[in-house]
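Single-structure report; data block below.
Residue numbers (the numbering used here): 479 to 876.
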């Protein structure tokens, strides 16, 4: 007799720490609770990194010029961002979630996905998530919102409806109905360009998007059109990617001639670090750990690492790399190889590092990255990072 094995229903939850930077600042100083708060640079030429709900009703939002934000909400309190604190609390919450669930994905410094498939049989996913929410609040002091659904897409969209400090559940079979009335701007994967194109076609809601024939979507947007059509119908088979602190990117250089030339070694460190920070930003990632590696002429290999506040900033990472190198390097020995590695990677935007940057500096970084996108990783570099040609060999990724 043939036996049919029923496949488990998927249960996926998305968790999002509410106005994370603002919540951490309020944890550090409860006088800020209920006050209009902006986190960013202290000059009116800086940009907004985060803002409280009290400022949002005046039209303030992240990445807005600080000058405009203060014009819209002149009574707002402005605080300089503290990435050390934000990274600490992100790690506290990460540990709580990781210790509590079967599978966790850290989507960014303040967002998580958890796969609870099978938990419904033994405990109940709704009860489990309510208790996890309370555990996070107790252990970290931070408010967090979550949504429970059958896949990552629906759970992420629904979390926005759960905020602030709330919860939402989309039952199996209700995905399409839930998404239908929402504006297409709520759909992950629809950027500004695609959004403008769809709006010009009169596609305002996810319901209309879901009704466009698949061949038309494919002709319009290629492979991305097929993906959007599926998601508009509430279908998202993408798996939870288990979180690992060991994810890393790195680059190392073996020299044609062993060297003790400090200026040359510094130029190589700068070049490797700039190349890797560009890769971080291109992948929209942040690093939480830096490692510098040296191999001497006698083939002895040494390395030193440092856990840092999450960042993708050239200035911050260059400083950390130089600190590690100065602690590591024995000036009496010839160097054969030098390497830099970034690990503890999480998804995130470089914007959170720019607490002291002006609009001009932000535009400069963006212009430099645009040139690198077009002409290659090393199209733009600091003059000091151009090493002596006779001592170079081919860089190797690891």
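Quick reminder that beta carbons are idealized off the backbone N, C-alpha and C, glycines included.
The structure displayed is predicted, hence computed values, not measured ones.
Residue i: first and last residue of the uninterrupted alpha helix (DSSP H) it sits in
i, result
"residue 608", "603 to 618"
"residue 804", "792 to 806"
"residue 810", "Looking at the DSSP string, residue 810 is not in any alpha helix (DSSP H), and its letter there is neither H nor E."
"residue 826", "Run containing residue 826: none; DSSP gives neither H nor E here."
"residue 682", "Segment: none, residue 682 is in no alpha helix (DSSP H) and carries neither H nor E."
"residue 697", "692 to 699"
Extent of the continuous beta strand (DSSP E) to which residue i belongs
i, result
"residue 591", "589 to 593"
"residue 671", "No beta strand (DSSP E) contains residue 671, which is instead part of the alpha helix (DSSP H) from 670 to 678."
"residue 584", "581 to 586"
Residues that residue i bridges to, as DSSP identifies them
i, result
"residue 753", "According to DSSP, residue 753 bridges with nothing at all."
"residue 575", "Answer is none; residue 575 lacks a bridge partner."
"residue 781", "771"
"residue 491", "592 and 626"
"residue 645", "624"
"residue 820", "727 and 768"
"residue 497", "Its beta-bridge partners do not exist; DSSP assigns none."
"residue 661", "683"
"residue 789", "765"
Beta-carbon contacts of residue i that lie in its chain and below 8 Å, excluding the five residues immediately before and after
i, result
"residue 654", "688, 711 and 712"
"residue 488", "593, 595, 628 and 629"
"residue 720", "581, 582 and 583"
"residue 812", "736, 737, 738, 774 and 775"
"residue 663", "673"
"residue 666", "631, 634, 635 and 709"
"residue 814", "732, 733, 736, 773, 774, 775 and 777"
"residue 701", "none"
"residue 661", "682, 683 and 684"
"residue 637", "492, 493, 494, 623, 624, 625 and 646"
"residue 502", "560, 563, 564, 567 and 620"
"residue 433", "The chain is shown only over 479 to 876; residue 433 falls outside these bounds and no answer can be derived."
"residue 613", "574 and 578"
"residue 725", "821, 822 and 823"
Sequence-distant residues of the same chain with beta carbon closer than 7 Å to residue i, five excluded per side
i, result
"residue 651", "none"
"residue 611", "622, 624 and 645"
"residue 518", "524, 525, 526, 527, 544, 556, 559 and 833"
"residue 642", "496, 531, 621 and 623"
"residue 617", "570 and 574"
"residue 825", "585, 586, 762 and 763"
Cβ-based neighbour list, residue i, same chain, cut-off 6 Å, excluding 5 preceding and 5 following
i, result
"residue 787", "561, 562 and 565"
"residue 781", "769 and 771"
"residue 542", "526"
"residue 795", "751 and 755"
"residue 602", "none"
"residue 506", "none"
"residue 692", "707"
"residue 657", "684 and 712"
"residue 515", "500, 530 and 555"
"residue 648", "627, 632, 636 and 656"
"residue 504", "510 and 511"
"residue 703", "695 and 696"
"residue 831", "Any reading at residue 831 must be qualified, since the residue scores a pLDDT of 49, below 50, and its modelled position is unreliable; the value itself is stated next. Counting only Cβ-Cβ distances below 6 Å, and skipping sequence neighbours, we find 789 and 791."
Residue-level contact to chain C via CB, residue i, 8 Å cutoff
i, result
"residue 659", "Included in the structure is just one protein chain, with no chain C present."
Q.
For the structure I just gave you, are there three or more beta carbon pairs, one from the region 508 to 528 and one from the region 628 to 638, closer than 8 Å?
A. Touching, no.
Q: Evaluate the contact criterion for the region 799 to 806 versus the region 577 to 585: three or more CB pairs, one atom per stretch, below 8 Å.
A: In this structure the region 799 to 806 does not touch the region 577 to 585; the number of beta carbon pairs closer than 8 Å is below three.
**Q.** Three CB pairs or more closer than 8 Å across the region 708 to 716 and the region 677 to 694
**A.** In short, these stretches touch, since the Cβ pair count reaches three.
Q: Kindly provide the ranges of any alpha helix (DSSP H) runs that are 4 or more residues long and lie completely inside the region 504 to 575, ordered along the chain.
A: Counting only runs of 4 or more, we get 531 to 534 and 544 to 550.
(Q) For a minimum of 3 consecutive residues, which ranges assigned as the beta strand (DSSP E) are wholly contained in the region 703 to 762? (A) Runs found: 726 to 737.
Q) So does the region 728 to 735 actually touch the region 746 to 754, counting three or more Cβ pairs closer than 8 Å? A) The region 728 to 735, when compared against the region 746 to 754, does touch it at the 8 Å Cβ threshold.
Q) Contact between the region 567 to 575 and the region 541 to 549: three or more CB pairs below 8 Å? A) Taking a cut-off of 8 Å on C-beta distances, the region 567 to 575 does not touch the region 541 to 549, as fewer than three cross pairs fall below it.
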